[in-house]
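Start counting at 1 in the sequence shown, then tack on 67, and there's your number in our numbering.
Shown next, in structure tokens, is the structure this report addresses.
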Amino acid sequence: MARYVGQARLIEILDNVQWAEVPEAKKAAEEIQSLFTLGYMSENAPAQYPEGQNEIGFGESAMILNASWVPNEINQNTGTMINWGFFPWPTVEGGVDGTEGTMCGAQGLGLVAKSEHQQEAFDFMMTLVTGEFDKKMADAVLSIPADVDNAEWPSVVAGAEPYFKLVTKSYDWAVGLENNGKFKDFVFDNLIKLVKQEYTADQFISAMASMK
């Protein structure tokens, strides 16, 4: 849906309960559901962690909606090292956003104002996220280096690097669908009904439009 209308508009639709007023919302619902009705998704989807992603390690599925930590988790859970390939979430005809938009984030380190050793703590944190130690951590957990000077990514995620460098729009977690705590569970429950084909796209939009 963010491909069609952009994240800012998606959040506006969520906050103002405008699902029935935006044709792209129904179109996005139809296209997401089609991945399930046409057999592109595992018969177990949507599965809970770690069963869903473990299907990759056990050779039962070919693709997964991926985050940078997933290859390491699959390796740990199944003992399988996979030759990963990557592609961004596809563009849509007439969409506001293309492959330059993706969900990005990182973990943070901080220190408390009451610390008596703020400079030492800061220097320690910088040691962790730059240079030799940053590279060691990235290699150990098969993830993206924090230090841009560590240009070589671990091989299992290296296929994502060319797309990552083209990103100019950073989406929030779940592209903003979890930003409004009032609606978070409601959105999740109805999305599950959509992909399990308990709802048609029209029923999904009607349900979403009933949020108050």
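For every residue, glycine included, the Cβ atom is placed at its ideal position computed from N, Cα and C.
None of the values given here were measured: they were computed from a predicted structure.
The C-beta distance from W151 to V224 rounds to 7 Å, short enough to fall under 8 Å. Around the CB of N217, 16 or more other CB atoms lie within 10 Å, so the residue is classed as buried. For T104, the enclosing alpha helix (DSSP H) stretches over residues 90-104.
Distance from the CA of M108 to the CA of L258, rounded to the nearest whole angstrom, comes to 15 Å. Looking at the backbone, the Cα of S135 and that of F189 are separated by about 26 Å. By the beta-carbon neighbour count (other beta carbons within 10 angstroms, threshold 16), E187 is exposed. For F231 and G168, the gap between their C-alpha atoms comes out near 10 Å.
For M170, the enclosing beta strand (DSSP E) starts and ends at 168-170.
Relative to the Cα of N142, the nearest Cα in the group V159, Q264, Q120 belongs to Q120. Boundaries of the beta strand (DSSP E) around Y238: 236-238. Within the model, the alpha-carbon separation for K279 versus N246 is close to 16 Å. Residue state for Q120 is assigned as helix, using DSSP reduced to three classes. Buried is the label assigned to I272, since at least 16 other Cβ atoms lie within 10 Å of its Cβ.
When rounded, the separation of the alpha-carbon atoms in E88 and E127 is 40 Å. Across the structure, S222 and V84 are spaced so that their CA atoms are roughly 43 Å apart.
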